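Using the numbering used here, you'd call the opening residue of the sequence shown number 530 and step up by one each time.
Don't be surprised by glycine CBs; every beta carbon is placed ideally from N, CA and C.
Since this is a predicted model, take the numbers as computed values, not measurements.
Before any comments, here is the structure.
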Amino acid sequence: MSTKETVFNRIKESGHVPVLPEILVRLLEACDNQATPLTQVASLIDKDPSLSYKVLQLVNSAYFGLKTTYSGVDQAVVYLGVNSVKNMAVTAAVHQVFNSERFNNLKYFNIHTFWHHSLKCACLARRLAELTGQANPDDAYLGGLLHDLGKLVLVSAYPEQYEAVLADSPPQEELLEAEQSKIGAQHADIGAWLVADWKLNPLIGDAISYHHEDPQRVTGAFPLVKIVYSANELSKDGNQEVARGVADLLLGLDGEDLKQITEAANEEILQISAELGITVEAPSPEEGDAGRTVIVAEDGATLHANLASRIKGIALLSGFLENMSQAEDNEAMIKAFEQSLQVLFGFDRTVLLMPDRDEVLLTGRASASNKLRGLSLELILPIQKSSSCIVKAYQARSLDYLKTSEEQENLADRQIISAFGCRVVAVVPLSAEMQEVGVALIGLPESMTELSTNDHRLLKTICQQAAMCLYLDELKARKAEDIETERQAAIAMTARKFAHEVNNPLGIIHNYLTTLKLKVADEDNINRELGIISEEINRISAMINQLDTFAQASFSTSDLTNVNNIISDIVQLVKSSFLNDSATEVSFNADPELPLIKTSPDGIKQIVINLLKNSSEAMGGSGQVVVTTSRSQRIGSEGQGEIIIRVEDNGPGLPETVKDNLFTPFISTKGIGHSGLGLSIVKKAVADLGGTIECTSESKRGTVFEIGLPISNE
């Protein structure tokens, strides 16, 4: 026989105590659903002794080091948060799955019977506390729920020994002696010790410790002890007259009150059991007090398979979730998401639709290696007032399907099915922090018409992780943009002040040089040197003017503009100006079908001139630059689209170290004498026009700038 200290140490090491599988499955489902309120999570936990034990143990542990003690499950769950609770539930499920054989071999311990008795005792204790007004109902409920926790712990830590204790089926008073003799500690002492270890209300520990004491001795105890003791007696099968007599002795309640409380508690248990799929058959009137409650639960193998499936899914997911969380950028996150669907499910047709910055449009996204990448670039759907099932699934955050067997009213939905080339396209929403992040379009194999329950659950977990990664990446990008906007504003203000202050003395110096040149008109050497000084001053003035351009306000006027005509004029202008003596060749390929758009002609001029000048300087005065215009029209855009201006050179390309700071002002690759403002001016102008700019560059193969300007006639 072990000593009590040895038993307690072994209990600490054993860790896991079994959970009612029906509750564990529902808890995992609740935690997987972002819309589940914490109150619902807490409601599931406080119906199971083991889960309540785990939550209170965790929240009151030294890890958190809280100054106050949490004795209520609902408060503990709110403090811990759903992620901590889910981790706890997953851990419990892992133990339950891998220890199932050990617990299934127990003939004399039934987890459902134990759960029913514990929950009934808790419900009765709360009702008795409310009726008498002598104790806190929440403390009474917790004391009743955990009063036999020691049995659960002993079954977990000493399964063989406790099986031997239960095999003898001793009367209650002899059970404690059998536990003491075969194990070295009694379940009442163990339960009280655990509660004391969490620093809960000591009266709860007393109620657990004394729930098998002689009732005459309990008459002198505090009310909470009497209430839990009475609830335990009333929750047992057998002679209810004896149980009511004990409750009358301890609490002074008559038989009718106790009968009503018991019936109400039974109704509550029946309702909870039904919600969990457990059938509770109370003794028939003919059996009376001699009858026993029969509990019919779902097939244990089915529940075990359900838990095992969830654990398998979590194990399979771990590597892919780690890849997504460690992805360096948006592109890598999307690629990791696509790979996870390919490997886990065999889904090889996936495209994401994500909202634009103004949350007006859903636009297609796919990784560079995705065979549907080209299609994704053509996908765009308006979010407001749309009849598309895709948009509706995005807004409602609910799974939907596009099927060839069903008539699709929305043209874009029909186009999607056709473009994916499959019978069914699953529309799976992505959301994080109660915020819509996007929607995944997944082409299902020919053999599938819908996702199975297990596949949907696994896919939902992947989508939640992907959504969170994309959401955080978007927050990070927006924060960086806000910082950059403030930085650019500060630079612009400084540039304006600097240009104003420097131009004044430069003007004075230039005037003096002009006067001096007139005075020494006959001195050729001096005139030549003065000319050099004048050229350098003019060059400084040009740089100052560029600073002033960078600092200028946004383009305020917009006209219906022919972009082709503007660019054609600019190409002719640069050929006859700064490229006149250069070996750089500039050509223009115009799209004759390009529509007129409402934009700023000056803005387009500024963009194209700076890009042409940048290409010419990057190529060292020789090479080819091609300017191309085209129109982008995406699936589902309903007339929306954009004009693309592409400027491509065959120069040396950009070093990798430069790409990250490409549009940062005052950073140049061209050496001394260059302000590094040209591309910053371009980016600012593009942003002012409501457009986008992208740059791709390969070493020794050249650089491409692609500007997208929205098509608008208003």
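Asked                                                                                                                 : Found
Straight-line Cα distance separating N852 from A865                                                                   : 6 Å
Buried versus exposed call for D575 [16 or more other C-beta atoms within 10 Å across all chains shown]               : buried
Every unbroken alpha helix (DSSP H) within the segment 900-942, with a cutoff of 4 residues, ordered by chain         : 902-905 and 918-925
Delimiting residues of the beta strand (DSSP E) encompassing A969                                                     : Q964 to G972
Option nearest S685 by Cα separation, candidates A621, K1008 and S1087                                                : A621
Integer Cβ distance of L1191 from N1143, believed to fall under 8 Å                                                   : Wrong, their Cβ atoms sit about 10 Å apart, outside the cutoff.
Meets three-Cβ-pair contact criterion under 8 Å: the segment 724-735 and the segment 703-715                          : no
Collapsed DSSP secondary structure at C992 in the structure displayed                                                 : helix
Three CB pairs or more closer than 8 Å across the segment 983-999 and the segment 870-886                             : yes
Contact belief for G967 with L980 at Cβ below 8 Å, rounded distance in angstroms                                      : At roughly 18 Å, the Cβ-Cβ gap does not stay under 8 Å, so G967 and L980 are not in contact.
Local conformation of P752 per DSSP, three classes                                                                    : helix
Beta-ladder partner(s) of T1157, from DSSP                                                                            : N1118 and R1175
Straight-line gap, G748 to V602 (C-alpha atoms, nearest Å)                                                            : The sequence given here places Thr at residue 748; Gly does not occur at that position. About 29 Å.
Limits of the beta strand (DSSP E) - the one that R1230 falls within                                                  : Per DSSP, R1230 belongs to no beta strand (DSSP E) and is neither H nor E.
Backbone CA spacing between E1003 and G806 [nearest angstrom]                                                         : 43 Å
Status (buried if at least 16 other CB within 10 Å, exposed otherwise) for G1202                                      : With a pLDDT of 42 at G1202, under the threshold of 50, the modelled position of that residue is not reliable, and the figure given next carries that caveat. Its Cβ having fewer than 16 others within 10 Å, G1202 is exposed.
Residues bridged to K1127 [DSSP beta-bridge criterion]                                                                : L1089
Option nearest S738 by Cα separation, candidates L723, A605, L891 and E534                                            : L723
N-terminal and C-terminal residue of the alpha helix (DSSP H) that R555 is part of                                    : P550 to D561
Distance between A1006 and L1183 (C-alpha atoms, nearest Å)                                                           : 23 Å
Beta-carbon proximity list for I790, same chain, < 6 Å, skipping 5 on both sides                                      : R656
Euclidean distance between Cα positions of K1048 and S1063                                                            : 16 Å
Residue(s) in a DSSP beta bridge with F1234                                                                           : V1176 and C1224
Beta-carbon gap between A559 and V570 smaller than 8 Å                                                                : yes
Beta-carbon proximity list for G1168, same chain, < 8 Å, skipping 5 on both sides                                     : For G1168, the predicted structure reports a pLDDT of 48, less than 50, and the residue's modelled location is therefore unreliable. A value from the coordinates is still provided. Within the same chain, G1168 has no close Cβ partners at all.
Proximity of L1218 and S1129 at Cβ, strictly below 8 Å                                                                : yes
Cβ neighbours of N939 in the same chain (closer than 7 Å, five flanking residues each side left out)                  : S916, S917 and C918
Neighbourhood of H740 by C-beta distance below 7 Å, restricted to the same chain and skipping five residues each side : H676, A717, V757, Y758 and N761
Cα-Cα separation between V809 and P566, rounded to whole angstroms                                                    : 28 Å
Terminal residues of the alpha helix (DSSP H) in which A717 lies                                                      : H716 to D726
G594 in three-state terms, based on DSSP                                                                              : coil
Which residues DSSP lists as bridging P1239, in chain order                                                           : E1171
Distance, L585 Cα to S600 Cα                                                                                          : 7 Å
Counted within 10 angstroms of its Cβ, other Cβ atoms place E888 as buried (16 or more) or exposed                    : exposed
C-alpha gap between S613 and E860, whole angstroms                                                                    : 30 Å
Residues of its chain near Q663, where Cβ-Cβ distance is below 6 Å and the 5 sequence neighbours each way are ignored : P752
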